[in-house]
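K.L.:
Convert by adding 1398 to the 1-based position in the sequence shown; the result is the number in this note's numbering. Glycine included, C-beta positions come from ideal geometry on N, C-alpha and C. So that we are looking at the same thing, I have put the structure below in C-alpha cells.
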Amino acid sequence: MDKWIKSPWFTRIVSLFLALLLYTTVAIDEANTARSDRTFLPTASTNTESMDNVSLQVELEEKQYVVRGVPDTVEVTVEGPVSDVTQAVRQRNFDVFIDLNGLGPGTHEVDVQHRGMSSQLSVYIQPRTIEVTIEDRASVTQPIEIEFVGNNDVEAEDVFASPPTVTPNEVNVTGAKSEVERIGIVKAIVDFNQLAEDGIARNVPIKVYDPQGNELNVFVNPSTVTVEADVSMSDKRFPLIAETTGELNENLVLKEINLSPVTATMYGANETLNDINNMEPLTIDLSNITETTTVEKELNTPPGVRRIEPESVSAEIVVEEAEENVLTDMEINVDNLDDGQDITFLEPEEPLIDVTVTGLAEDIENISEDDIRVSIDVADYVEGEFYADIQLEGPDDIRLRTDTERVRVRIE
1399 MDKWIKSPWF
1409 TRIVSLFLAL
1419 LLYTTVAIDE
1429 ANTARSDRTF
1439 LPTASTNTES
1449 MDNVSLQVEL
1459 EEKQYVVRGV
1469 PDTVEVTVEG
1479 PVSDVTQAVR
1489 QRNFDVFIDL
1499 NGLGPGTHEV
1509 DVQHRGMSSQ
1519 LSVYIQPRTI
1529 EVTIEDRASV
1539 TQPIEIEFVG
1549 NNDVEAEDVF
1559 ASPPTVTPNE
1569 VNVTGAKSEV
1579 ERIGIVKAIV
1589 DFNQLAEDGI
1599 ARNVPIKVYD
1609 PQGNELNVFV
1619 NPSTVTVEAD
1629 VSMSDKRFPL
1639 IAETTGELNE
1649 NLVLKEINLS
1659 PVTATMYGAN
1669 ETLNDINNME
1679 PLTIDLSNIT
1689 ETTTVEKELN
1699 TPPGVRRIEP
1709 ESVSAEIVVE
1719 EAEENVLTDM
1729 EINVDNLDDG
1739 QDITFLEPEE
1749 PLIDVTVTGL
1759 AEDIENISED
1769 DIRVSIDVAD
1779 YVEGEFYADI
1789 QLEGPDDIRL
1799 RTDTERVRVR
1809 IE
C-alpha cells in the first residue's frame, strides 16, 4: 500500500481528479450565478416619446425690443430610461426656450434650448434652430371703431336708437415699429346677439388691421372693451312740404311743386322723436328754372335722429308761360295818416296807378280789382312834401308790378 501511494502515477491521478473537481465546482457556481441574475436583477430598458405643442419661451431682457418669427410651440422628443421618459412626458416640468440676450435689432438664427430635463435623457427638438427678427418697440394710442356682425350685415343705424358707445374709446397698441406704422384701423368686433338682452356687450375683443384689412401682430391694452347701445328703436312719419327761394323769369310762372314721396319716416329714440313736430321744409331755388324740371333734394336728418327714410325725394317743378293783365286806375290807399292831417298827391296828381298782374291763365281770368290792394305808408313822415313807396298786395299765386314805384305827396 505504501509502495502504491508513493508511486508517481498515484500522485498524477489524484491531481487530475482534484483539478476536474475544482473545474466542475466553479462552472456550476458561475452557471447558477448567471441564472440568478437573469431571474431576480433584470437590466434597465429604454423608451422614446414625442411631445407636441410644447410652449417655446423667449428670453430677452431688453424691453425696447420686440421679436417676430417665433413659433408658439415646438415638438420635443425624449429618449432614455422608462421612468425618466414617463416623468418628463407626464409632468412637463422643463423649459424650452431661445436666448436672445445680447442680440440687437436684425435677423438672427438661434438654437432652441432646454433645461430641467433629467441627465439620463437624450432630447431632440424640432425645429432645432429658428430664424427670428428683433425690432425696435413702438407704441401708439388709437381710437376704436365698432363693427357689428351676426345680423345679416344690417347697419347699426337701422337697429339702434342712438349711436353705440365704447368704453374705453381708445387703446394703446404696442409692437414692432414696422407693424405699428402700418396700423390702419382698430376695431371692436361686436355680435348683435350680445346686445339683444340689455344693450351691453362686455369683453369685446379688439383687432388691429392695416389699410388693406390684414390683421397685425401687435399687443393691445386693454385687449377688450365694453360696448353699449340703445336697442329701443322707434319711428315717426311726417308730411313733406316745399318752400321756394329766388324768382322765375318774368315770362314764367310757377304752377305747382310735386314731391315724391310726400312723406318721410324718422327713426330714433322715443324721447327724441316726441320732440319733433314736423319736417324741415325743402327749399326749392327757382332762380335757375327755365322749364318744367325734376330735381333731387336731400332730406336733413335732425339732431338725435338715427336715420331718415327716404334719404332724398324728387321735386317736380312745374312752370308755365305767364299771362298778363293790366288793371287800370287802381286807387292808392294811405295807411297811418294821423287824424286832422290832409294828404295831397302831387305826382301823380290823382291817387290812381295801373297795376300789371302776371300769373297762370286761369288765375288771371278770375282776378278782380278787389283782390289787389295798392297803398303807401306815411307813419314815419312829418308834415311837408316827400316820396312814398308803392306797396302792392294780392294773392300768393300771382305777381304784381307797376311802373309807378313811388309817388310824391304833401302832408298838411
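#1: On the DSSP bridge assignment, give the partners of A1536 in chain order.
#2: Residues in the same chain with beta-carbon distance under 8 angstroms from Q1455, minus the five sequence neighbours each way, listed in chain order, please.
#3: Residues in the same chain with beta-carbon distance under 6 angstroms from R1797, minus the five sequence neighbours each way, listed in chain order, please.
#4: Count the other CB atoms, across all protein chains shown, that sit within 10 Å of the CB of E1810; report buried if there are 16 or more and exposed otherwise.
#5: Could you check the C-alpha separation between I1765 and V1772 for me, to the nearest Å?
#6: Tell me, please, which residues DSSP counts as bridged to I1809.
#7: Alpha carbon to alpha carbon, what distance is there between N1676 and P1659?
#8: Note down, in chain order, each residue of its chain lying with its Cβ closer than 8 angstroms to the Cβ of F1617, except the 5 sequence neighbours on either side.
#9: Quick check: what's the CA-CA separation for E1791 versus L1652?
#10: Nearest by alpha-carbon distance to D1736: which of G1702, V1588, N1698 and V1780 is it?
#11: Tell me, please, whether the stretch 1576 to 1586 touches the stretch 1531 to 1539 by the rule of three or more beta-carbon pairs shorter than 8 angstroms.
#12: Could you pull the DSSP bridge partners for K1695 from this structure?
#13: Could you say if the stretch 1626 to 1645 and the stretch 1604 to 1615 meet the contact criterion of at least three C-beta pairs nearer than 8 angstroms?
#14: Are F1546 and R1704 touching if we call contact CB-CB under 9 angstroms?
#15: Using the Cα positions of T1527 and S1621, report the straight-line distance between them to the nearest angstrom.
#16: Could you check where the alpha helix (DSSP H) with I1687 kicks off and where it finishes?
#17: Closer than 6 angstroms by C-beta to L1519: which residues in its own chain qualify, once you throw out the five before and the five after it? Chain order, please.
#18: What is the rounded straight-line gap between the Cα of V1521 and the Cα of S1443?
#19: Evaluate T1670 with the Cβ neighbour count: other Cβ atoms within 10 Å of its Cβ, from every protein chain shown; 16 or more gives buried, anything less gives exposed.
#20: Report the start-end ranges of each alpha helix (DSSP H) in the stretch 1591 to 1678 that is 4 residues or longer and not cut off at the edges.
#21: DSSP on R1488, reduced to helix/strand/coil?
#22: Please name the residue in M1449, E1763, Q1739 and T1802 whose C-alpha comes closest to that of G1782.
#23: Measure from the C-beta of P1620 to each C-beta in chain B and report whether the shortest distance is under 9 angstroms.
#24: With 16 other CB atoms within 10 Å as the buried threshold, where does V1724 fall?
#25: Going by beta-carbon coordinates alone, are I1788 and I1741 separated by less than 9 angstroms?
#26: Out of Q1524, L1680, R1635 and M1449, point me to the one whose CA is closest to A1486's CA.
#27: Drop a sphere of 10 angstroms on the beta-carbon of P1561, count the other beta-carbons inside from all chains shown, and report buried for 16 or more, exposed for fewer.
#28: Note the first and the last residue of the continuous alpha helix (DSSP H) segment covering N1764.
P.N.:
On the basis of the supplied data:
#1: Looking up residue 1536 in the sequence shown gives position 138. DSSP, once it has assigned bridges, lists G1573 as partnering A1536.
#2: Working through the sequence shown from its first residue, we reach residue 1455 at position 57. Counting only Cβ-Cβ distances below 8 angstroms, and skipping sequence neighbours, we find D1493, V1494, F1495 and I1496.
#3: Counting from 1 along the sequence shown, the entry for residue 1797 is found at position 399. T1756.
#4: By one-based count along the sequence shown, residue 1810 stands at place 412. Exposed is the call here.
#5: Counting from one through the sequence shown, the residue named residue 1765 turns up at place 367. Counting from one through the sequence shown, the residue named residue 1772 turns up at place 374. I1765 and V1772: Cα-Cα distance of roughly 15 angstroms.
#6: One-based indexing of the sequence shown puts residue 1809 at position 411. I1809 pairs with I1741 and G1782.
#7: Within the sequence shown, numbered from 1, the residue matching residue 1659 stands at position 261. Within the sequence shown, numbered from 1, the residue matching residue 1676 stands at position 278. The alpha-carbon atoms of P1659 and N1676 are separated by roughly 16 angstroms.
#8: Sequence index remark: in the sequence shown, residue 1617 carries index 219 (1-based). Counting only Cβ-Cβ distances below 8 angstroms, and skipping sequence neighbours, we find V1571, T1572 and G1573.
#9: To locate residue 1791, count along the sequence shown from 1; it is residue 393. To locate residue 1652, count along the sequence shown from 1; it is residue 254. Spanning the two alpha carbons is a distance of roughly 18 angstroms.
#10: Within the sequence shown, the letter at position 338 stands for residue 1736. Of the candidates G1702, V1588, N1698 and V1780, the one whose C-alpha sits nearest the C-alpha of D1736 is V1780.
#11: yes
#12: Taking the sequence shown and counting its residues from 1, the one referred to as residue 1695 is at position 297. Beta-bridge pairing links K1695 to V1711.
#13: no
#14: The residue given as residue 1546 occupies position 148 in the sequence shown. The residue given as residue 1704 occupies position 306 in the sequence shown. No, these two residues do not count as a Cβ contact at 9 angstroms.
#15: Translated into the one-based positions of the sequence shown, residue 1527 becomes position 129. Translated into the one-based positions of the sequence shown, residue 1621 becomes position 223. So the alpha carbons of these two residues sit roughly 32 angstroms apart.
#16: For the purposes of this step, residue 1687 is taken as residue 289 along the sequence shown, with counting starting at 1. Taken as a continuous stretch (DSSP letters only), I1687 belongs to no alpha helix (DSSP H), as it is neither H nor E.
#17: Position 121 of the sequence shown, counted from the start, is the residue given in the question as residue 1519. Only V1476, G1478 and D1482 meet the Cβ criterion.
#18: On the sequence shown, position 123 is the one that residue 1521 refers to. On the sequence shown, position 45 is the one that residue 1443 refers to. If I take the Cα positions, the gap works out to 17 angstroms.
#19: Within the sequence shown, the letter at position 272 stands for residue 1670. Looking at its Cβ environment, which holds 16 or more other Cβ atoms inside 10 Å, T1670 is buried.
#20: 1668 to 1672
#21: Stepping through the sequence shown from its first residue, residue 1488 is reached at position 90. The answer is helix: DSSP assigns R1488 an H, G or I state.
#22: Reading the sequence shown from its first residue, position 384 is the one you call residue 1782. Nearest C-alpha to G1782: Q1739.
#23: Absence of chain B from the displayed structure is noted, only one protein chain being present.
#24: Residue mapping note: residue 1724 aligns to position 326 of the sequence shown, counting from 1. When all chains shown are included, V1724 counts as exposed.
#25: The sequence position of residue 1788 within the sequence shown is 390, counting from 1. The sequence position of residue 1741 within the sequence shown is 343, counting from 1. No.
#26: Counting from one through the sequence shown, the residue named residue 1486 turns up at place 88. Considering only alpha carbons, the answer is M1449.
#27: Numbered from its first residue, the sequence shown carries residue 1561 at position 163. Its Cβ having fewer than 16 others within 10 Å, P1561 is exposed.
#28: As a working note, residue 1764 is residue 366 in the sequence shown. N1764 -> alpha helix (DSSP H) spans A1759 to N1764.
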